[in-house]
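Under numbering that gives the first Met the number 0, think of the first position of the sequence shown as 0, with each following residue one higher.
Heads up, the thing below is written out as structure tokens.
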Amino acid sequence: MIKNYFSLAMSDLRHRGLRSWLTLLGIFIGIAAVVSLITLGSGLERAITGQFGGLSLDVLTIQNKQTGFAPPGSAVVEKLNNNDLKIIEEVSGVRNTITRLIRVTSVEYNKVSRFVYVGDLPQDEEDADVVYDVIDARIGEGRLLRNDDKSKIMLGSEIAKENIFEKKIRVGSKLRINGRNFEVIGILEPASTFAVNGAILMPNRDMKETLGIGDEYDLIVAKVHEEDNIEKVASEIEKKMRKDRNEKFGEESFSVETPLQALESVSTILDIVKCLLQCLKEQRILE
């Protein structure tokens with residue numbers, strides 16, 4: 000019986016020729032597409048959740064509300080200032096604070112211009128060490144950037160690759176940032192976060208001079224004394240900043256984010272992406 004079915008199928012393939020082979024090809028492509036979507040979904044989940052492998056559980060991130068999609072704090076109309084910093088530092092449970100600048104600016108190399116994330120390295124040595132600890136900075140080539148370096152920069156692993164500026168960047172290469180030349184003194188190993196891999200780090204003083212930044216901050220990082228009290232400290236910061244800005248609960252012009260909230264935000268985005276992939280997979284099956 001099976002032999003007869005096989006003979007019938009082969010006979011049909013011979014008589015229908017191209018049409019039959021195209022049908023088989025369509026089936027194979029459909030199966031491959033479904034498998035690819037499943038693999039993509041699993042890989043995306045591993046990649047995104049891996050971003051939080053080195054997440055610091057004792058760190059709060061404070062920034063003004065965004066006005067668009069951009070690096071943290073860089074797309075707001077009004078920046079954080081020294082008054083905000085003082086309020087945060089005076090909250091019980093806050094161990095120390097670190098101010099950060101994160102901007103998108105024009106970077107030129109190999110006669111190719113790209114808009115790239117640029118972040119500052121704090122002038123204070125202890126603060127700089129905390130930043131390196133938080134981003135899990137491990138040098139791949141050259142050396143780590145020092146807070147007393149002048150006209151020097153350090154690159155994330157992705158920035159140095161050939162596909163960004165059509166030529167691989169190496170230690171000693173010169174990049175032009177906002178019209179000023181900087182020498183690459185170090186390239187980081189691939190980190191656990193997209194933000195670090197795709198960014199350039201420069202000393203705080205150089206960044207302020209190059210981009211014309213005054214006494215303002217894109218975000219403030221606050222380390223707490225006890226991880227178990229981080230929610231309480233975050234709530235107290237929100238309360239004091241609301242009072243200072245004369246704002247109502249739920250109408251804040253700022254945000255205080257805990258590590259758990261950051262993870263929940265990414266998990267929500269991941270669920271949406273997985274849902275879209277599932278819809279595409281089901282559509283492929285129906286086709």
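Glycine residues also receive a C-beta, built at the ideal position from the N, C-alpha and C atoms.
Query                                                                                                                : Result
Distance cut-off 7 Å: D119 Cβ against heavy atoms of the ligand GTP                                                  : In terms of ligand content, the structure shown is empty, and the ligand GTP therefore cannot be addressed.
Under 8 Å between C-beta atoms of L56 and D217                                                                       : no
A200, buried or exposed, once every other Cβ within 10 Å from all chains shown has been counted against 16           : Checking the displayed sequence, the identity of residue 200 turns out to be Leu instead of Ala. So L200 counts as buried.
Span separating the alpha-carbon of G49 from that of I138                                                            : Per-residue confidence for G49 stands at a pLDDT of 48, beneath the threshold of 50, marking its modelled position as unreliable; the derived number appears in the next sentence. Approximately 20 Å between the Cα atoms of the pair.
Cβ-based burial, K151 [other Cβ within 10 Å; buried from 16]                                                         : buried
Identified DSSP bridge partners for G118                                                                             : I101 and L200
Local Cβ density within 10 Å of G67, reported as buried at 16 or more and exposed below that                         : With a pLDDT of only 44 at G67, under 50, the local geometry of the prediction cannot be trusted, and no value is derived from it.
Own chain, CB closer than 7 Å to S252, minus 5 neighbours either side, in chain order                                : N63, K64, R244 and E246
Proximity below 8 Å, CB of I61 to CB of V255                                                                         : yes
A221: first and last residue of the uninterrupted beta strand (DSSP E) it sits in                                    : L218 to V223
Residues sharing a beta bridge with Y131, DSSP                                                                       : None, per the DSSP bridge assignment.
Candidates D148, E225 and N109, of which the one nearest N162 by Cα                                                  : N109
Neighbourhood of A46 by C-beta distance below 7 Å, restricted to the same chain and skipping five residues each side : Bear in mind that a pLDDT of 47 at A46, under 50, signals an unreliable position, so the number given afterwards is only what the model happens to contain. So no residue of the chain qualifies.
Cβ contact (3+ pairs, closer than 8 Å) linking the segment 154 to 171 and the segment 106 to 126                     : yes
Local Cβ density within 10 Å of F181, reported as buried at 16 or more and exposed below that                        : buried
Identified DSSP bridge partners for K64                                                                              : In the DSSP output, where bridge partners are listed per residue, K64 has none listed.
Pairwise C-alpha distance: H224 and L154                                                                             : 31 Å
Minimum length 4: unbroken alpha helix (DSSP H) runs contained in the segment 159 to 188                             : 161 to 164
Proximity winner among P202, N80, I97 and K160, relative to V58 (alpha-carbon distances)                             : I97
Beta bridge counterpart(s) of F253 as assigned by DSSP                                                               : N63
Where E140 falls: helix, strand or coil (DSSP)                                                                       : strand
Pairwise C-alpha distance: K239 and A159                                                                             : 43 Å
Cβ contact (3+ pairs, closer than 8 Å) linking the segment 226 to 241 and the segment 183 to 199                     : no
Check whether M206 and V130 have beta carbons under 8 Å apart                                                        : no
Continuous beta strand (DSSP E) stretch holding L79: start and end                                                   : First-last for L79: undefined, no H or E at that position.
As assigned by DSSP and simplified to three states, the class of G52                                                 : For G52, the predicted structure reports a pLDDT of 47, less than 50, and the residue's modelled location is therefore unreliable. A value from the coordinates is still provided. G52: coil per DSSP, three-state reduction.
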